[in-house]
Amino acid sequence: MRGALFASDVYALLRTVPKGKVTTYGDLAKALGHPRAARAIGRIMNANPDPIVVPCHRVVASDGGIGGYAYGTKVKKDILENEGLSFEGDRIKDFEKRRAVLKKN
DNA sequence: GCCATGGCTAGTA
DNA sequence: GCCATGGCTAGTA
Numbered sequence: 002m003r004g005a006l007f008a009s010d011v012y013a014l015l016r017t018v019p020k021g022k023v024t025t026y027g028d029l030a031k032a033l034g035h036p037r038a039a040r041a042i043g044r045i046m047n048a049n050p051d052p053i054v055v056p057c058h059r060v061v062a063s064d065g066g067i068g069g070y071a072y073g074t075k076v077k078k079d080i081l082e083n084e085g086l087s088f089e090g091d092r093i094k095d096f097e098k099r100r101a102v103l104k105k106n
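Heads up, the first sequence is in my numbering, so the first residue is 2 and it goes up one at a time.
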């Protein structure tokens, strides 16, 4: 099924992830009913029109890795640290405890 | 075609 | 490390 994943839905769901928590590309995809669309979520993040209102820096890789960021992964890491997260190398510390619970509409 | 992913196998040590 | 998957864009005709 192609073209059924709307960026606006992704952004809306992502806005529910609070400061100090993160989610993953795959989790967003699954919560929206597109379990195989993790990579598409990454593309949608890259097209984020407004990083102030849509916290795309809170979307990380499924293994707790940093993932990508339009303004550089170092910037992303710095922001997450400012929000209270810690890292062990390039992985988020206590990743499972930092995962937001996504609620589908 | 390219990619801000992710899950699964082969096959080395 | 390979490749299926989904959305996007460059750039040919």
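Using N, Cα and C, we set each Cβ at its ideal position, and we do this for glycine too.
By the Cβ criterion, the segment 19 to 35 is in contact with the segment 54 to 63, since at least three pairs of Cβ atoms, one from each stretch, lie closer than 8 Å. Between L14 and L103, the CB-CB gap stays under 8 Å.
For L81, the uninterrupted alpha helix (DSSP H) segment begins and ends at T74 to N83.
Each residue's CA atom was taken as its position, placing A101 and I93 some 13 Å apart. A straight line joining the alpha-carbon of A39 with that of A8 spans about 13 Å. Separation of the CB atoms of L86 and G21 is rounded to 7 Å, and the pair is thereby assigned contact status at 8 Å. In the same chain as P36, and ignoring 5 residues on each side of it, the C-beta atoms closer than 7 Å to its own belong to A30, in chain order.
In this structure, D91 sits away from G69, with a CB-CB distance that is not shorter than 8 Å.
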